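Reviewing the structure listed below.
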Amino acid sequence: MLDIPGILGKLCAIGSPSGFERPVVRAAREMLSGFCSRTEQDALGNLLGFAPCGEENAPVLLLDAHLDEVGVIAAGSEEGYIRFRAHGGMDARVFPAQGVTFLTDPPVYGVVACLPPHILSKAQAEASPGIDEMYIDTCGAYVPPGTPGVFDAEGFALSDTLYCAKSLDNRACFAALLRALELLPRLEPLRGRKRRCDIVVCGSAQEEARLRGAAAASWKIKPQYAVVTDVTFAAQPDTEPDGVFALGSGPAVGVGPVCDRKMAERISALAREHGIPHNIEVMTSRTGTNGDVIGVAAGGVMCAVLSLPLRYMHTPSEVIHTGDLENLARLLAEYILTLGGEAL
Amino acid sequence: MDIFALHKELAAVFGPSGMEADIALAVKERLAGAADEVTTDTLGNLTARIRGKGKKVMFSAHMDTFGLIVTYIDKDGFARFATLGGAEPDYLLGARVVFADGTRAAVCADGSYNRKEPRLTDMYIDTGANAQSVKVGDAAVYGGEAVTQGGALISPHIDNRACCAALIAASRAVARPKNDLYFVFTAQAELGMRGAKTAAYALEPDVAFSVDVTDAGDTPGCKPKTQVKLGGGAAVKLMDDSVICHPDAVAYLVSQAEKLGIAAQRELLAGKGTDAGAIHVSRAGVPTGGISLPARHIHSPNEICRISDIEDCVRLIIAAADI
Numbered sequence: 252m253l254d255i256p257g258i259l260g261k262l263c264a265i266g267s268p269s270g271f272e273r274p275v276v277r278a279a280r281e282m283l284s285g286f287c288s289r290t291e292q293d294a295l296g297n298l299l300g301f302a303p304c305g306e307e308n309a310p311v312l313l314l315d316a317h318l319d320e321v322g323v324i325a326a327g328s329e330e331g332y333i334r335f336r337a338h339g340g341m342d343a344r345v346f347p348a349q350g351v352t353f354l355t356d357p358p359v360y361g362v363v364a365c366l367p368p369h370i371l372s373k374a375q376a377e378a379s380p381g382i383d384e385m386y387i388d389t390c391g392a393y394v395p396p397g398t399p400g401v402f403d404a405e406g407f408a409l410s411d412t413l414y415c416a417k418s419l420d421n422r423a424c425f426a427a428l429l430r431a432l433e434l435l436p437r438l439e440p441l442r443g444r445k446r447r448c449d450i451v452v453c454g455s456a457q458e459e460a461r462l463r464g465a466a467a468a469s470w471k472i473k474p475q476y477a478v479v480t481d482v483t484f485a486a487q488p489d490t491e492p493d494g495v496f497a498l499g500s501g502p503a504v505g506v507g508p509v510c511d512r513k514m515a516e517r518i519s520a521l522a523r524e525h526g527i528p529h530n531i532e533v534m535t536s537r538t539g540t541n542g543d544v545i546g547v548a549a550g551g552v553m554c555a556v557l558s559l560p561l562r563y564m565h566t567p568s569e570v571i572h573t574g575d576l577e578n579l580a581r582l583l584a585e586y587i588l589t590l591g592g593e594a595l
Numbered sequence: 167m168d169i170f171a172l173h174k175e176l177a178a179v180f181g182p183s184g185m186e187a188d189i190a191l192a193v194k195e196r197l198a199g200a201a202d203e204v205t206t207d208t209l210g211n212l213t214a215r216i217r218g219k220g221k222k223v224m225f226s227a228h229m230d231t232f233g234l235i236v237t238y239i240d241k242d243g244f245a246r247f248a249t250l251g252g253a254e255p256d257y258l259l260g261a262r263v264v265f266a267d268g269t270r271a272a273v274c275a276d277g278s279y280n281r282k283e284p285r286l287t288d289m290y291i292d293t294g295a296n297a298q299s300v301k302v303g304d305a306a307v308y309g310g311e312a313v314t315q316g317g318a319l320i321s322p323h324i325d326n327r328a329c330c331a332a333l334i335a336a337s338r339a340v341a342r343p344k345n346d347l348y349f350v351f352t353a354q355a356e357l358g359m360r361g362a363k364t365a366a367y368a369l370e371p372d373v374a375f376s377v378d379v380t381d382a383g384d385t386p387g388c389k390p391k392t393q394v395k396l397g398g399g400a401a402v403k404l405m406d407d408s409v410i411c412h413p414d415a416v417a418y419l420v421s422q423a424e425k426l427g428i429a430a431q432r433e434l435l436a437g438k439g440t441d442a443g444a445i446h447v448s449r450a451g452v453p454t455g456g457i458s459l460p461a462r463h464i465h466s467p468n469e470i471c472r473i474s475d476i477e478d479c480v481r482l483i484i485a486a487a488d489i
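Protein sequence lines correspond, in order, to chains A and B.
Numbering of the first sequence is given in my numbering, commencing with residue 252 and proceeding in unit increments.
Numbering of the second sequence is given in my numbering, commencing with residue 167 and proceeding in unit increments.
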């Protein structure tokens, strides 16, 4: 059985923001290759893994989980301190005093500079400086403008069930795809059914940069079906009850115009049939996931979105429930076995 | 059948963005006998082809409507919602809506609703006795009925069912066309022309015309100002936020309107887009124009247009088929 915390630890330790996916793809490709007849990294940086079922004219199912992460980009240096910009959607308030690794070879380490509370003026203490006012202290080490960086944050188990790391958005979902592929051959005899669709796994690039990787990959593959896996918001004391999901309450099945109704209904029905905890997530207009671009690739792709609840998104301390990851994988495996040999 | 009756039937069919199956079926039934073949695709677009030897001409009218989708139901059965497509909270307050299963409901404001800064999050849907029949993810649309009065049409979903009616009427009138005609009733236009995008890719037309409503500028204090008015005839689109129409398409529509005595006006729409936006950049590009129906109060429960303008749109569509 796959060691999920081990996989999360390994994938999340890698710094690979949007457009700089080579390091994470290298590691993910090694993990994926055992489940595929062939893997490749395409021009945009997507990791593609092909797992045909052996049947002629079988429908093609694209399984998507983006591998890139948010980070920073060095923008220049002033007196040995590095100015930087956010690379992807980031909250300026999480930056002060964070450790940052710049992905030079060898890496350059730095700290986002901030003043100690003792010497802050009242105005400074109340201010909420923007990222453009901050700088990273690299102890004088030069970082060329354009160099990407990520938070320094080792992943760790927060409890028996909760795991904490940077970039669980969305490497946790990639781990769930691996787990689903592992579950498939075990599920086949239980359900008395062989897999009858060709699977293409897409560890997509540049999701945090306007969904660019999945757009290119879906045009290349032109699948009949796609299941997009990504993270969604988990409940915490400050959230409204609407549109958030308790950690441990299972994956969320997307319902909305981008999510094909019949696919969403079948997935929910399978979850009920097999007692898999799950939620319904209403995704109005755009989903904010790769589903937005995959669904309208070429002549159109039937698309479902399965989401993993996650707390503290786009910070160094993202938190997921490994039970939700397992249930997402189980639900996905059940769904895969129903595809093919019929029209949906 | 007259155009009002056709519109009234179509406007009563449930079909918000992403849930176009019922309206696609209703359109298909009304195309019977007119089209050589009718097909549907993955996103839910419906395409009716009338064979001809000439150019491949695409006409597109989106058939989805603005709608509400339930996001959360509280313990007392009141439903919070988001919108499918762009919404003015002003228009929603007090609206009567209907769900796919026929459940009726009212859109209401809660205690935190601020009239100066209306927010959807301060509103809810009250289904009265039928609360238990509504689930998270269910959608509702405006539930009013189309009426006509002194040549005006007052109805929900003039955007874009009146244009669907125009396209159906035109398709019935072109029996042996010069060109190879494709009348496409698109899905998910209110969400950024998603249906038109895949339909145009699959079709690869030589030229295309999108048929949609446009804002009339003839109401009190109307902003932004526009010359388009009700009763001025079909509007020939010059541009909107999604497209600058191809000069040849514009010139052809203007010249045909003059030649055939079809009332027409020139239209520049601000702040909104149409299927033309997705179609004209499909593949290596498609020369695209637009035929628009002037309408007031678009996306409100009571949109208003003129029957004569719909009829002028029908005539202009028929003329455009010969491009």
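The C-beta atom is built at its ideal place from N, Cα and C for all residues, glycine as well.
Everything numeric in this text was worked out from a predicted model, so none of it was measured.
Express the C-alpha separation of residue j and residue i in angstroms, rounding to a whole number.
i: A:L595; j: B:A248; result: For A:L595, the predicted structure reports a pLDDT of 49, less than 50, and the residue's modelled location is therefore unreliable. A value from the coordinates is still provided. Rounded to whole angstroms, A:L595 to B:A248 spans 28 Å at the Cα level.
i: A:S558; j: A:L579; result: 8 Å
i: B:S466; j: A:M564; result: 37 Å
i: A:P380; j: B:G437; result: 33 Å
i: B:L212; j: A:V321; result: 40 Å
i: B:A253; j: B:K241; result: 26 Å
i: A:E524; j: A:E585; result: 10 Å
i: A:T389; j: A:T483; result: 34 Å
i: A:R437; j: A:V451; result: 20 Å
i: A:R344; j: B:S321; result: 49 Å
i: A:P268; j: A:G400; result: 8 Å
i: A:G406; j: A:A423; result: 12 Å
i: A:P395; j: A:Y386; result: 14 Å
i: B:H494; j: B:V379; result: There is simply no residue 494 of chain B to check, as chain B begins at 167 and stops at 489 in what is shown.
Please check the pair residue i and residue j, which I expect to be a contact at CB under 8 Å, by giving their CB distance rounded to whole angstroms.
i: A:G505; j: A:A555; result: 7 Å
i: B:A353; j: B:D230; result: 6 Å
i: B:S226; j: B:S376; result: 5 Å
i: A:L299; j: A:A468; result: 7 Å
i: B:V236; j: B:V300; result: 6 Å
i: B:L319; j: B:I189; result: So it is not a contact: roughly 18 Å between Cβ atoms.
For residue i, which residues in chain A fall below 7 Å Cβ to Cβ?
i: B:G303; result: V506, I531, V533
i: B:R246; result: D493
i: B:S183; result: P508
i: B:Q315; result: Under the 7 Å cutoff, chain A gives no residues; its nearest Cβ is about 34 Å from B:Q315.
So which residues of chain A does residue i contact, with C-beta pairs closer than 9 Å?
i: B:K438; result: In chain order: nothing, as chain A lies at least about 15 Å away.
Around the C-beta of residue i, are 16 or more other C-beta atoms found within 10 angstroms, so that it is buried, or is it exposed?
i: B:N326; result: buried
i: A:E329; result: exposed
i: A:L371; result: exposed
i: A:R562; result: buried
i: A:C263; result: buried
i: A:G443; result: exposed
i: A:H369; result: exposed
i: A:Y393; result: exposed
i: A:T490; result: exposed
i: B:R449; result: exposed
i: A:A520; result: exposed
i: A:K473; result: exposed
i: B:E203; result: exposed
i: B:R462; result: buried
i: A:N297; result: buried
i: A:L462; result: buried
i: B:N345; result: buried
Using a cut-off of 7 Å between C-beta atoms, extract the partners of residue i located in chain B.
i: A:V552; result: T208
i: A:S631; result: This structure cannot speak to residue 631 of chain A, because chain A is shown only from 252 to 595.
Who are the neighbours of residue i on chain B, taking C-beta pairs under 9 Å?
i: A:A549; result: T364, Y367, A368
i: A:R289; result: Those do not exist, as A:R289 stays about 26 Å from chain B at its closest Cβ, beyond 9 Å.
So residue i contacts chain A; which residues on that side make the cut at Cβ distance below 8 Å?
i: B:T237; result: D493, G494, V533, T535
Exercise for review: Could you pull out every unbroken beta strand (DSSP E) segment of at least 3 residues lying fully inside the segment 331-384 of chain B, listed in chain order?
Suggested key: Runs of the beta strand (DSSP E) inside the segment 331-384 of chain B: 346-352, 373-381.
Practice item. Can you check the segment 242-319 of chain B for any beta strand (DSSP E) of at least 3 residues that lies completely inside it and give the ranges in chain order? Key: Qualifying beta strand (DSSP E) stretches, in chain order: 245-250, 262-265, 270-275, 289-292, 305-308, 313-315.
Review point. For the segment 406-443 of chain A, which segments carrying the alpha helix (DSSP H) assignment without a break, of at least 4 residues, lie completely within its bounds, in sequence order?
Key: Given a length threshold of 4 residues, each whole run of the alpha helix (DSSP H) inside the segment 406-443 of chain A is given here in chain order: 419-442.
Check your understanding: What are the uninterrupted segments assigned as beta strand (DSSP E) that are 3 or more residues long and contained completely in the segment 211-242 of chain B, given in chain order?
Key -> As for any beta strand (DSSP E) of minimum length 3 sitting wholly inside the segment 211-242 of chain B, the runs are 212-216, 222-228, 233-239, ordered along the chain.
Exercise for review: Please list the segments of the beta strand (DSSP E) lying wholly inside the segment 353-385 of chain A, counting only runs of 3 or more residues, in order along the chain.
Suggested key: With a minimum length of 3 residues, the continuous beta strand (DSSP E) runs that stay inside the segment 353-385 of chain A are 359-363.
Exercise for review: Please list the segments of the alpha helix (DSSP H) lying wholly inside the segment 454-495 of chain A, counting only runs of 4 or more residues, in order along the chain.
Suggested key: Listed in chain order, the complete alpha helix (DSSP H) runs (minimum 4 residues) inside the segment 454-495 of chain A are 463-472.
Review point. In the segment 178-214 of chain B, which residue ranges form an unbroken alpha helix (DSSP H) of at least 4 residues, counting only runs that do not cross its ends?
Key: Restricting attention to alpha helix (DSSP H) runs no shorter than 4 residues, the segment 178-214 of chain B encloses them at 187-197, ordered along the chain.
Review point. Residue ranges of each beta strand (DSSP E) run of no fewer than 3 residues wholly in the segment 266-345 of chain A, ordered along the chain?
Key: As far as the segment 266-345 of chain A is concerned, its whole beta strand (DSSP E) runs of at least 3 residues are 289-292, 298-302, 311-317, 322-329, 332-338.
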